[in-house]
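Protein chains in written order, with this note's numbering: chain A, 1 to 332; chain B, 1001 to 1332.
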């Protein structure tokens, strides 16, 4: 499979994107990559490395879409950006998938306009794949792309998320939960009450009912369905608590004297493992579901490992043709 | 000030509620308490303790509203419960405030029906007061009472939260933020976009703009305004991440050999401090704003310290007449 790697727009681009692509090439022998970005910069990074040249191409692109660019305008105006040129190449059949750490809004709009929506899809969703306490993963549909959802969209989200978990995580009947303010069936706001009824009636979905946000990361559901505004709030609040706790631990160690410092040194491997486990690096970012082609979002602060994991995931999604499986699921 | 303590309905009731009331009596010499619950049970707990009998009464109540009771029905049917009898006593002027760890829904409905809403208040809000990274507090308005808010309600929430922070935390011009999916003014769903415009125009509110959920606990705002459904999701997700991280630390220590166990012993005071700081115990629970009287919700798992802090807070709110200040703020 051929995966385009957008080497612009992330915090540590192009360096870490290129390094991640080389890791991925070493890891997957069936993979080839197209590095989209400023040719001279990419070549200069590549020159210091050994890799299989037959599986690497460069797509020269001189413009950059930054995280401060207004998404719609950036997609329309910056036609020479690595992001837009990459999406066009993908659309034209020049590759099987794309990974980018650029502006999420631009990827969503660019993906929707350039790649197009799958048959039966109302709107594409941006779906973080989250690590859980139980060493499983939960996909959040939607994580922020659609901030004003119709109830019917939530049913689409359930189908799309289930198709992803079936294909990529090998779960034959993924548990679908509805993010809600209580576990009981009668709980919820107007939107989730209607969605609950709709999901109960839906064929082909293993709907387990409402899931409270406190179980966001405990793995009770494989697919967590939510309006993107709420999904974004829950995800960001959860990340916020994570960084507050690590800051407090650091502060406690700094002011805790020798005892705390020694304790930290001994506990360091444990804390580092946890930080790694719960960070996006291990997972490889979020996926866009509902588009005609595979598009994976690596987070803006991605380092080489995160890019590598995102690329491997994109290859996996392309091999299993997740976009087609989603359309099949929606039109059954 | 006389504060009613509902000694039923919490996980460790009546024992911890009574113990908390005795702590509070020792702490505040201006306080007197009314313990509402089964007289025989309360007297048996009291008999083992020394306290100032002139400042303690018992309100005998034989029924209990459990957390499984449907709130509206419970308030209507369980007229002999400590919760309903306590609220009636408060309404009739027999006390200045009430603390309860019982069913939140029953407190909200009972509070609204029995105590009544302040003049100009559309709906009461349930507002957790959260500890922050900066050792300040942020009040979340609304934390889950109103799951389908009108935009105008969000403005009311801003006024109510600001009045609370002014009176209880002594902040002369509390910073009011709107919980949103991005910091920029143009971000948001239909509701928050309208609310942003409304709050920008509002007199007497120090509106600092949108606040992302990742800053939920960093103290950038003193008052965080949100629809109760979103507020609940953000709060629960944040709590969920906290307990996941502590579970992972525990698991890492258990499987990390002697080094990790020794490290833990040395770092224990630091971790315990953090757990205490970020738990509800130190804060004393959530407050209901918008009612005619002071009503504080201690969380269901409250121990004596949490009850004590909630009681002291209720006395403080009654002394400063927060309900009246809210009405003044709304009708300015």
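Heads up, the beta-carbon is just placed ideally off N, CA and C, and yes, glycines get one too.
Within 8 Å, strictly: CB atoms of residue i and residue j
i, j, result
"residue 1039 of chain B", "residue 1065 of chain B", "no"
"residue 223 of chain A", "residue 165 of chain A", "yes"
"residue 1117 of chain B", "residue 1291 of chain B", "yes"
"residue 1051 of chain B", "residue 1304 of chain B", "no"
"residue 1179 of chain B", "residue 1231 of chain B", "yes"
"residue 1288 of chain B", "residue 1073 of chain B", "no"
"residue 1237 of chain B", "residue 54 of chain A", "no"
"residue 42 of chain A", "residue 7 of chain A", "yes"
"residue 1266 of chain B", "residue 262 of chain A", "yes"
"residue 1242 of chain B", "residue 1278 of chain B", "yes"
"residue 215 of chain A", "residue 191 of chain A", "no"
"residue 1297 of chain B", "residue 1285 of chain B", "yes"
"residue 37 of chain A", "residue 163 of chain A", "no"
"residue 204 of chain A", "residue 293 of chain A", "no"
"residue 1295 of chain B", "residue 1031 of chain B", "no"
"residue 99 of chain A", "residue 318 of chain A", "no"
"residue 1133 of chain B", "residue 247 of chain A", "yes"
Rounded straight-line distance, which links the Cα of residue j to that of residue i
i, j, result
"residue 1316 of chain B", "residue 1029 of chain B", "13 Å"
"residue 201 of chain A", "residue 146 of chain A", "23 Å"
"residue 16 of chain A", "residue 302 of chain A", "7 Å"
"residue 3 of chain A", "residue 105 of chain A", "21 Å"
"residue 123 of chain A", "residue 264 of chain A", "47 Å"
"residue 34 of chain A", "residue 46 of chain A", "13 Å"
"residue 1169 of chain B", "residue 1323 of chain B", "15 Å"
"residue 1080 of chain B", "residue 1097 of chain B", "19 Å"
"residue 1143 of chain B", "residue 1161 of chain B", "12 Å"
"residue 1312 of chain B", "residue 1093 of chain B", "19 Å"
"residue 325 of chain A", "residue 1125 of chain B", "44 Å"
"residue 136 of chain A", "residue 1026 of chain B", "49 Å"
"residue 244 of chain A", "residue 71 of chain A", "30 Å"
"residue 149 of chain A", "residue 194 of chain A", "12 Å"
"residue 1171 of chain B", "residue 1271 of chain B", "30 Å"
"residue 1268 of chain B", "residue 1254 of chain B", "14 Å"
"residue 18 of chain A", "residue 49 of chain A", "10 Å"
Neighbourhood of residue i by C-beta distance below 8 Å, restricted to the same chain and skipping five residues each side
i, result
"residue 1198 of chain B", "1151, 1152, 1154 and 1155"
"residue 1252 of chain B", "1260"
"residue 67 of chain A", "9, 102, 103 and 300"
Contacts around residue i, its chain only, beta-carbon distance under 6 Å, and the 5 residues preceding and following it disregarded
i, result
"residue 229 of chain A", "147"
"residue 177 of chain A", "208, 211, 221 and 224"
"residue 1020 of chain B", "1304, 1307 and 1308"
"residue 949 of chain B", "Residue 949 of chain B cannot be examined here, being either before or after the span of chain B that is shown, 1001 to 1332."
"residue 1060 of chain B", "1039"
"residue 1175 of chain B", "1206, 1208, 1221 and 1222"
"residue 121 of chain A", "290"
"residue 310 of chain A", "99, 284, 285, 296 and 298"
"residue 1091 of chain B", "1114 and 1115"
heavy atom of the ligand SAH below 7 Å from residue i C-beta
i, result
"residue 1285 of chain B", "You won't find the ligand SAH in this model; it holds no ligand whatsoever."
Under the three-state DSSP convention, the category residue i falls into
i, result
"residue 336 of chain A", "Examination of residue 336 of chain A is not possible in this model, given that chain A is present from 1 through 332 alone."
"residue 65 of chain A", "coil"
"residue 1148 of chain B", "coil"
"residue 1041 of chain B", "helix"
"residue 72 of chain A", "helix"
"residue 1031 of chain B", "coil"
"residue 1080 of chain B", "coil"
"residue 1138 of chain B", "strand"
"residue 2 of chain A", "strand"
"residue 11 of chain A", "coil"
"residue 1019 of chain B", "helix"
"residue 48 of chain A", "coil"
"residue 227 of chain A", "coil"
"residue 222 of chain A", "coil"
"residue 316 of chain A", "helix"
Cβ neighbours of residue i in the same chain (closer than 7 Å, five flanking residues each side left out)
i, result
"residue 1213 of chain B", "1179 and 1234"
"residue 69 of chain A", "103 and 106"
"residue 1075 of chain B", "1084, 1106, 1109, 1110 and 1113"
"residue 196 of chain A", "178, 185, 188 and 210"
"residue 95 of chain A", "2, 3, 4, 34 and 89"
"residue 1167 of chain B", "1320, 1322 and 1325"
"residue 78 of chain A", "63, 65 and 84"
For this session: Please list the segments of the beta strand (DSSP E) lying wholly inside the stretch 1248 to 1303 of chain B, counting only runs of 3 or more residues, in order along the chain.
Result: Complete beta strand (DSSP E) runs here, min 3: 1286 to 1289 and 1294 to 1297.
For this session: Could you pull out every unbroken alpha helix (DSSP H) segment of at least 4 residues lying fully inside the stretch 82 to 133 of chain A, listed in chain order?
Result: Qualifying alpha helix (DSSP H) stretches, in chain order: 82 to 91 and 104 to 110.
Exercise. What residue ranges within the stretch 152 to 219 of chain A form continuous beta strand (DSSP E) runs of no fewer than 3 residues, ordered along the chain?
Worked result: Correct list: 175 to 180 and 206 to 212.
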